[in-house]
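Just so you know, the sequence shown maps onto residues 2 to 760 in the working numbering.
Working notes, structure below.
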Amino acid sequence: MWKNYFITAVRFLLRNKSFTIINIAGLAVAFAVGILVLSYVRHELSFDRWIPDHERIARVETTISLGGSRSVKSRGAPDPAKSVFEENLPEVMAATRYSPSASHSLRLGNRIFNQYLAFVDPSFFDIFAMPFLEGDRASALSDPDSIVLTESTAQKLFGDDSAMGRVLILDNGARSVRVTGIIADMPANSHFHISQGIGIEALVPHMGIISYGADQWGSISGPLYIKLKPGTNMADIEQRLDDVVAPHFPEQLVRPKDVAPFLSFHLRPLADIHLAGELIPGLNLSYGLSTVIGFALVGLVILTLATVNFTNLSLARSLQRAQEVALRKVMGAGRGQIAVQFLGESLLVTCLALIIGVIIADLLEPFFSSLVGAELEFSFWTEPLQILAALALGAIIGIVGGIYPALVASNYRPARLIHAVKERAPGHRIRAVLTVLQFSVAICLVACTVIVYTQIQHIRSADLGYVPDEVVVMSNPGGDEFAERFVSFVDMLARQPGIVSTASAMNEPSGPSRTMSSMPLVTNPEERINVDMQSVSRSFFETLEIGPLYGRVFEPGRPDDSIRGEGENRQGALVINESAALSLGFDSAEAALGDIRPWPVDEFDSPNLEIIGVVPDINLRSLKDPVEPTFFLSYDEEAPQHREAWKLLARIDPNQRETGLASIDRLWTEMFPDQPIERGFLDTAIAAQYDGEDRRARAFGLASATAIFIAAIGLYGMAGITLFSESMKWLCARFWGRVFAISCRSCFGNSPSRCWLPI
């Protein structure tokens, strides 16, 4: 019996090639997209779950209240918090800081490599049990002058030679480090990637000496991770964090109980970090849980469209098999047998489509990985669980898509089938509803795609308040040895061919780093607002072509604009943005000119900084973030803050682009021969902020195209079936019309042989 069912199904599919191809094509494309989306969702949900005891590891996050109307949330924690938690929470097994840093130079003999470094504590591997290929996990970072490399980095530096025990020169002689361990490369589903781990306490000049001072509690350099003992309730520990830290605050940071504490701490489980959605240097990019859910819904919608399309076509096709059903019923076939026959054909089509869909997904995996920005591993053929899941999905779609047509076909009555060509086919209303539903969903996806693309175009064309085009960004080589030369480099570069102007800044425009402080209101000094601090050179505004709304901005030829002196003798000028002027309580932005403000970083100094200008609300970060009240300060060239500026900006003459780039490279090689240059264009860095939106737009575009394709081939199939049904009605009508004409002519005496009607 089952053999006959199978043979009948195969014959039907081969006899109706167009119907078969349309159904298999729609389902195969939907299966391919569904499998790829499922792989992406599975990848995103698997982050950090490969780490042993991941359920006992958490990141300490901080909410900073500077006394203003709003709080600032940080995904890091102050350095002193590590020791406080370790010493006062017995449930904490270990704690480590993870401070990603800009690229550093590593010298091996005569070769110099630019390599990303991650500064960690020696206890890092006590929390994150990375697989060691060489070396001992327990002692790998116990020596301050040690370094642990990943397998790929060791291969890059040493080739096939052994890396263990080899010495590398860090940052042009700032320190010599010895390789004490090789770990396996971090898998793609990790929220941070470590190229090297260096004992953070060995780099005191860069990281600062850990203390309990106000400056240390107010500075957050990177994430802090803790690992709890087995059986510890993470929620209970989180409730105790603030009480444990409070006694260790400096006196000036202690606040009354009815006022929000200066710092408030929270725990985020390790497995939840990636889906929190963040972009921190050295940490993997996440689009957040909402994006993952969105992708899952898009995949589900496409599978649903394919199922609806399959159901619609099968339902319409069942009418053409009315005579077959009638004959089988006359020969004794029951309703259940006919339903099983139709359902079996549905499952056979689904199975063929699934096989083709898996092949398509395998071929498109590299393209889809680049589309969503994730390193997906398509392991369908080697994982039995995925094979079973795909078979289950195919069976569900085959049953759901075929059950209703099977029931409709099995319910045909032989006595009425002779009139089938003259009556509406059973389920015609259902078919109409499903067709409308298909195109409605497809149109909705197209509309979503248009909206996303419109938003991206708005972001691309939005006025940032400054001109990022033709601005080159370079990183400070770092270290005391290069600080003085870096200042000279900035000055000399401004006089090179092809260079319009140069500037330096502690934070790169569009970068994630920020320095927060607070400032008392003009109307009520007891109340304060949070302000964003930007330390820049006097040529910053000129280089980025930022003009003032009122007053003036810093000028290179006016050294009095820079911050000079200390304590009560500190003097200088401030430039603020429009939001800061209004948030401080001035009647207008212009009214802020000439106001004397206290030093923003230390609220106990006397007011001696004059506001000389108000600039528009420029977007120094992503357009997704609101513009904060911002204070701009400029340090004197002899100040350490100026020499240690992190970023150099150089505006190039657009008519001498190549000349300007050559001038930068030549002067850098002359002044920093042992330090490879790292440079890039500011507009490129800004565009990179929205790579996620670009990928989402392309993904929505692909989903829309797939939905339109499925709906279109479904409509094509429906049109073919409808045309066939209407043709049968037309032929029947012509036949009965000819018979009627012959009868009439015979009645009126004409010979039947002379009576004809063209058909």
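Glycine residues also receive a C-beta, built at the ideal position from the N, C-alpha and C atoms.
Continuous alpha helix (DSSP H) stretch holding residue i: start and end
{"i": "residue 184", "result": "Residue 184 -> not in any alpha helix (DSSP H); beta strand (DSSP E) instead, spanning 176 to 184."}
{"i": "residue 21", "result": "18 to 46"}
{"i": "residue 660", "result": "658 to 672"}
{"i": "residue 154", "result": "152 to 159"}
{"i": "residue 241", "result": "235 to 246"}
{"i": "residue 84", "result": "80 to 89"}
{"i": "residue 580", "result": "579 to 584"}
Per DSSP, cross-strand counterpart(s) of residue i
{"i": "residue 611", "result": "574 and 597"}
{"i": "residue 635", "result": "537"}
{"i": "residue 473", "result": "651 and 682"}
{"i": "residue 433", "result": "BP columns for residue 433 are empty, so no partner."}
{"i": "residue 296", "result": "In the DSSP output, where bridge partners are listed per residue, residue 296 has none listed."}
{"i": "residue 145", "result": "Residue 145 pairs with nothing; no bridge assigned."}
{"i": "residue 625", "result": "Its beta-bridge partners do not exist; DSSP assigns none."}
{"i": "residue 95", "result": "228"}
{"i": "residue 106", "result": "115"}
{"i": "residue 702", "result": "The partner list for residue 702 (beta bridge, DSSP) is empty, contrary to what the question assumes."}
Sub-9 Å separation of residue i and residue j beta-carbons
{"i": "residue 580", "j": "residue 630", "result": "yes"}
{"i": "residue 398", "j": "residue 304", "result": "yes"}
{"i": "residue 34", "j": "residue 293", "result": "no"}
{"i": "residue 650", "j": "residue 448", "result": "no"}
{"i": "residue 134", "j": "residue 351", "result": "no"}
{"i": "residue 264", "j": "residue 64", "result": "yes"}
{"i": "residue 268", "j": "residue 290", "result": "no"}
{"i": "residue 95", "j": "residue 49", "result": "no"}
{"i": "residue 487", "j": "residue 373", "result": "no"}
{"i": "residue 682", "j": "residue 469", "result": "yes"}
{"i": "residue 343", "j": "residue 315", "result": "yes"}
{"i": "residue 100", "j": "residue 119", "result": "yes"}
{"i": "residue 635", "j": "residue 490", "result": "no"}
{"i": "residue 475", "j": "residue 678", "result": "yes"}
{"i": "residue 816", "j": "residue 626", "result": "The shown model of the chain, from 2 to 760, leaves out residue 816, and the question about it has no answer."}
{"i": "residue 713", "j": "residue 306", "result": "no"}
{"i": "residue 57", "j": "residue 229", "result": "yes"}
{"i": "residue 680", "j": "residue 511", "result": "no"}
{"i": "residue 455", "j": "residue 704", "result": "no"}
{"i": "residue 60", "j": "residue 225", "result": "yes"}
{"i": "residue 122", "j": "residue 107", "result": "no"}
{"i": "residue 377", "j": "residue 366", "result": "yes"}
{"i": "residue 525", "j": "residue 586", "result": "yes"}
Any non-hydrogen atom of the ligand FAD closer than 8 Å to residue i Cβ
{"i": "residue 362", "result": "Only the bare structure without any ligand can be found here, which leaves the ligand FAD out of the picture."}
Range covered by the beta strand (DSSP E) that runs through residue i
{"i": "residue 560", "result": "Taken as a continuous stretch (DSSP letters only), residue 560 belongs to no beta strand (DSSP E), as it is neither H nor E."}
{"i": "residue 263", "result": "Neither: residue 263 is in no beta strand (DSSP E) and is coded neither H nor E."}
{"i": "residue 118", "result": "112 to 121"}
{"i": "residue 125", "result": "It is not in any beta strand (DSSP E) - residue 125 instead sits in the alpha helix (DSSP H) that spans 125 to 128."}
{"i": "residue 272", "result": "Counting along the chain, residue 272 falls outside any beta strand (DSSP E), though it belongs to the alpha helix (DSSP H) covering 271 to 274."}
{"i": "residue 72", "result": "Element bounds for residue 72: n/a, residue is neither H nor E."}
{"i": "residue 796", "result": "The structure shown has nothing for residue 796, since the chain only spans 2 to 760."}
{"i": "residue 226", "result": "225 to 229"}
{"i": "residue 59", "result": "58 to 65"}
{"i": "residue 170", "result": "168 to 171"}
{"i": "residue 516", "result": "516 to 521"}
{"i": "residue 134", "result": "133 to 136"}
{"i": "residue 468", "result": "Residue 468 -> no beta strand (DSSP E), and no H or E assigned at all."}
{"i": "residue 503", "result": "500 to 506"}
Integer-rounded CB distance, given that residue j should sit under 8 Å from residue i
{"i": "residue 711", "j": "residue 234", "result": "Between residue 234 and residue 711 the Cβ distance is about 49 Å, and since that is not below 8 Å, they are no contact."}
{"i": "residue 596", "j": "residue 613", "result": "Between residue 613 and residue 596 the Cβ distance is about 10 Å, and since that is not below 8 Å, they are no contact."}
{"i": "residue 582", "j": "residue 615", "result": "5 Å"}
{"i": "residue 38", "j": "residue 395", "result": "About 16 Å; that fails the 8 Å criterion."}
{"i": "residue 391", "j": "residue 36", "result": "7 Å"}
{"i": "residue 180", "j": "residue 150", "result": "6 Å"}
Mind the definition here: the segment 78 to 92 touches the segment 101 to 116 only if three or more C-beta pairs lie below 8 Å; say whether that holds. Segments in contact, no.
Are the segment 515 to 535 and the segment 494 to 501 touching by the rule of at least three beta carbon pairs closer than 8 Å? Touching, no, given that fewer than three Cβ pairs across the two stretches are closer than 8 Å.
Cβ contact check for the segment 520 to 530 and the segment 675 to 694: 3 or more pairs under 8 Å: Cβ pair count under 8 Å is below three, so no.
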